[in-house]
Amino acid sequence: QKEVEQNSGPLSVPEGAIASLNCTYSDRGSQSFFWYRQYSGKSPELIMSIYSNGDKEDGRFTAQLNKASQYVSLLIRDSQPSDSATYLCAVSRMNNNDMRFGAGTRLTVKP
Amino acid sequence: IAGITQAPTSQILAAGRRMTLRCTQDMRHNAMYWYRQDLGLGLRLIHYSNTAGTTGKGEVPDGYSVSRANTDDFPLTLASAVPSQTSVYLCASSDQVGETQYFGPGTRLLVL
Numbered sequence: 009q010k011e012v013e014q015n016s017g018p019l020s021v022p023e024g025a026i027a028s029l030n031c032t033y034s035d036r037g038s039q040s041f042f043w044y045r046q047y048s049g050k051s052p053e054l055i056m057s058i059y060s061n062g063d064k065e066d067g068r069f070t071a072q073l074n075k076a077s078q079y080v081s082l083l084i085r086d087s088q089p090s091d092s093a094t095y096l097c098a099v100s101r102m103n104n105n106d107m108r109f110g111a112g113t114r115l116t117v118k119p
Numbered sequence: 003i004a005g006i007t008q009a010p011t012s013q014i015l016a017a018g019r020r021m022t023l024r025c026t027q028d029m030r031h032n033a034m035y036w037y038r039q040d041l042g043l044g045l046r047l048i049h050y051s052n053t054a055g056t057t058g059k060g061e062v063p064d065g066y067s068v069s070r071a072n073t074d075d076f077p078l079t080l081a082s083a084v085p086s087q088t089s090v091y092l093c094a095s096s097d098q099v100g101e102t103q104y105f106g107p108g109t110r111l112l113v114l
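Rendered as C-alpha cells:
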C-alpha cells in the first residue's frame, strides 16, 4: 500500500461543474496536508494547505480534511479549462522533512 | 532571481559520466530538497537539507550526493550516471522543515 494514494484518473468534468479530487494517507501522525497543481511540463505549485479537520475555502477551491478517516479532498467549483492539470496530494508530519506525495490525479475540464 | 532556479533545464548524459544539477533559491529558506519525478510514481525525495551545513538522505538516495555550503545553493551530484536515473529532477525549498515547499522549474535528465 502506498503511503499517499490518489486516483490517477484521468478525471474529466465539463466546464462549470464541480471537480472532486480525493486522497488517502496511511501515516496517522501526519499533521500537514497540501494540494499542488502541476501543468504538463511544469513544476508543482501550491494551491492550498490544510492542517485542521474540516473545510478550508480559497476562492473556487475547497480543501476538506478528515484525520479520523485519513482522507483529504480538493473540490474545484465552476471548473475552467485552465484547471486542466495534474493535482498532487502531499502529507507531512510537523517539523518533518519527509513530505510524501501521491502520484497525482490528472484532471481535464472540457469546454 | 525570484524564487528557485535550476540548471540545466535539460541534459542528455552518457552512462558512467558525472553530473551536477544546480539549484539556487533567493528566499532565504532554511530547508531545501531534491526530488525525482517519474511517471506513475510521483515525487520521491532523494536528499534534503534542514539548514546550511547539514544534509540527510531521503527515500531514494543511492547514486546521488548533495552538499549545502550556504543557504542559497543545494547542488545534486550523480557520481556515475545510470539509465535508471533518467527522470525529472525537482529542487524545492521551505522556510522551515515541514512547511509549504516551493519548487524550481526542474531539470529533465536522460541517461543513455
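Quick note, the sequences are listed as chains A and B, same order.
Position one of the first sequence corresponds to residue 9 (this note's numbering), numbered consecutively onward.
Position one of the second sequence corresponds to residue 3 (this note's numbering), numbered consecutively onward.
No residue lacks a Cβ here, since even glycine has one placed at the ideal position from N, Cα and C.
Residues of chain B with CB closer than 8 Å to the CB of residue i, please, in chain order.
i: asparagine 103(A); result: Gln98, Val99 and Gly100
i: phenylalanine 41(A); result: Neighbours of phenylalanine 41(A) on chain B: none; closest Cβ ~11 Å, over 8 Å.
i: leucine 96(A); result: Gly44 and Leu45
i: alanine 111(A); result: Gly42, Leu43 and Gly44
Give the straight-line distance between the Cα atoms of residue i and residue j, rounded to the nearest whole angstrom.
i: valine 90(B); j: glutamate 53(A); result: 16 Å
i: alanine 76(A); j: serine 38(A); result: 11 Å
i: phenylalanine 76(B); j: tyrosine 59(A); result: 29 Å
i: leucine 41(B); j: serine 16(A); result: 11 Å
i: isoleucine 55(A); j: tyrosine 95(A); result: 9 Å
i: glutamate 94(B); j: histidine 31(B); result: Residue identity check: residue 94(B) is alanine in the sequence provided, not glutamate. Each residue's alpha carbon lies about 10 Å from the other.
i: lysine 64(A); j: alanine 83(B); result: 44 Å
i: leucine 45(B); j: arginine 38(B); result: 6 Å
i: lysine 50(A); j: tyrosine 44(A); result: 12 Å
i: lysine 118(A); j: phenylalanine 69(A); result: 18 Å
If we count the other Cβ atoms within 10 Å of its Cβ and call it buried at 16 or more, is residue i buried or exposed?
i: glutamate 101(B); result: buried
i: isoleucine 6(B); result: buried
i: serine 90(A); result: exposed
i: valine 99(B); result: buried
i: valine 113(B); result: buried
i: tyrosine 104(B); result: buried
i: glutamine 88(A); result: exposed
i: asparagine 61(A); result: exposed
Against chain E, does residue i count as a neighbour if the rule is that its beta carbon must be under 7 Å from one of theirs?
i: glycine 55(B); result: Looking for chain E here will not work: the only protein chains present are A and B.
In terms of alpha-carbon separation, which member of the options lies closest to residue i?
i: histidine 49(B); options: Leu41(B), Met34(B), Gln39(B) and Thr11(B); result: Met34(B)
i: asparagine 80(A); options: Ala98(A), Ser87(A) and Ser90(A); result: Per the sequence presented here, residue 80(A) reads as valine, with asparagine not at that position. Nearest of Ala98(A), Ser87(A) and Ser90(A) to valine 80(A), Cα basis: Ala98(A).
i: leucine 23(B); options: Arg30(B), Ile14(B) and His31(B); result: Ile14(B)
i: glutamine 14(A); options: Pro119(A), Lys118(A), Thr116(A) and Gly112(A); result: Gly112(A)
i: serine 34(A); options: Pro18(A), Met107(A) and Val12(A); result: Val12(A)
i: glycine 18(B); options: Gly65(B), Ala71(B) and Tyr104(B); result: Gly65(B)
i: serine 67(B); options: Leu80(B), Gly60(B) and Thr73(B); result: Leu80(B)
i: phenylalanine 42(A); options: Arg36(A), Ser28(A), Ser48(A) and Gly110(A); result: Gly110(A)
i: asparagine 30(A); options: Arg36(A), Asn105(A) and Gln78(A); result: Gln78(A)
i: alanine 71(B); options: Asn52(B), Thr11(B), Ala4(B) and Ser86(B); result: Asn52(B)
i: arginine 101(A); options: Ser40(A), Ala25(A) and Ser20(A); result: Ser40(A)
Taking residue i as the query, report the chain A residues whose CB atoms sit under 8 Å from its CB, ordered along the chain.
i: glycine 58(B); result: Asn105
i: leucine 92(B); result: Ser51 and Pro52
i: alanine 33(B); result: Asn105
i: proline 107(B); result: Lys50 and Ser51
Which residues in chain A have a C-beta closer than 7 Å to the C-beta of residue i? List them in chain order.
i: tyrosine 50(B); result: Asn105
i: glutamine 103(B); result: Met107
By the criterion of Cβ-Cβ separation under 7 Å, what are the contact partners of residue i in chain B?
i: serine 100(A); result: Gly100
| query | Taking a cut of 8 Å between CB atoms, which residues from the stretch 55 to 87 of chain A lie near chain B? | reply | So the close ones are Ser57.
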